[in-house]
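Below is one structure, written out as structure tokens, with a few remarks after it.
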Amino acid sequence: MKKADIDRFWTLLHALTRKDDARFLYGPDAAGRLRERNLRRYLELMDRVRPRMLLIGEAPGYRGHAVSGIPFMSVAQLRARPGLITGDPDGDGFEIPTDPPALSEASSTVVWRTVTALRGPPPLFWPVYPNHPHEPGRPRTNRAPRAAEIAEGTPIALALAAAFRAGTIVAVGRKAEGALARSGVAAIPLRHPAQGGARVFAAQLARLVRLDEEEQRAT
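Heads up: the sequence shown runs through residues 1 to 219, numbered per my numbering.
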């Protein structure tokens, strides 16, 4: 992980516009500080893994990333024993939020079930828009990020890709794919696991990982 680029990632993330219907997750309150500690822990662990692949999703959901601070992770993944990243029998060392609105999220469950079954190093995850977009006055809902929000979030995702020197960038869902294309990044598209896409997502990711492993062995 390149320090200059990860510093740029944090600078851009902390400068993200706060909105009434798009909650900034890493603020100064106790819950925000916990989420940031979890995210920093996640990035440290992934730096040890040295992932070759970055999967960029759409936006945090209120049952998962908006609770844990980590993309495609709900409380269930934070608590996992052994740890999903380290394999440590005592877990990955994440902090568990008190009184979360939900303990699990369907997309997080599908993603980690798929990654665990592949039995290789997990890819790095991040959303193309890292605020939690929700319906006005209803923080326990999810809405699709707007075009302007995606445009603001895309440089943060690209800074993370640069910091980790991600060789393969994958777009999970059409919004992520379109945002990256507008920035000149030809990402490999994957079906989003939500709304009936779980089986297709799992098959596509498994095939992509196998192809990546074959390419690594050939070089």
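Each residue gets a CB set at the ideal place from its N, CA and C atoms; glycine is no exception.
Rounded to whole angstroms, what is the Cα-Cα separation between residue i and residue j?
| i | j | result |
| --- | --- | --- |
| A80 | G173 | 26 Å |
| R40 | P82 | 20 Å |
| R113 | F164 | 24 Å |
| L78 | G153 | 25 Å |
| D92 | E105 | 19 Å |
| F24 | P155 | 16 Å |
| R8 | I56 | 18 Å |
| P101 | L84 | 22 Å |
| E215 | Y42 | 27 Å |
| A30 | G87 | 28 Å |
| F94 | A59 | 21 Å |
| E44 | L160 | 13 Å |
Quick one, are the C-beta atoms of residue i and residue j less than 8 Å apart?
| i | j | result |
| --- | --- | --- |
| V110 | P193 | yes |
| E135 | R146 | no |
| P97 | L34 | yes |
| A166 | L124 | yes |
| R52 | T168 | yes |
| S107 | M73 | no |
| P71 | W10 | no |
| H132 | Y62 | yes |
| L54 | V170 | yes |
| V228 | P122 | With the chain covering 1 to 219 only, the question about residue 228 has no answer from this structure. |
| D5 | A187 | no |
| L118 | A206 | yes |
| A179 | I150 | yes |
Here's the rule: buried if 16 or more other CB atoms are within 10 angstroms of the residue's CB, otherwise exposed. What is residue i?
| i | result |
| --- | --- |
| Q195 | exposed |
| H14 | exposed |
| A202 | buried |
| G137 | exposed |
| R140 | exposed |
| G69 | buried |
| V200 | exposed |
| L158 | buried |
| R18 | exposed |
Between which two residues does the beta strand (DSSP E) harbouring residue i extend?
| i | result |
| --- | --- |
| V170 | 168 to 172 |
| P155 | Looking at the DSSP string, P155 is not in any beta strand (DSSP E); the run it does join, the alpha helix (DSSP H), is 147 to 164. |
| L190 | 188 to 190 |
| P127 | 124 to 127 |
Let's see if you can read the secondary structure: which residues bound the alpha helix (DSSP H) around residue i?
| i | result |
| --- | --- |
| F9 | 3 to 14 |
| M46 | 30 to 49 |
| L78 | 75 to 78 |
Would you mind listing the beta strand (DSSP E) stretches within the stretch 48 to 118 that are 3+ residues and don't spill past its ends, in chain order? List check, beta strand (DSSP E) in window: 53 to 57.
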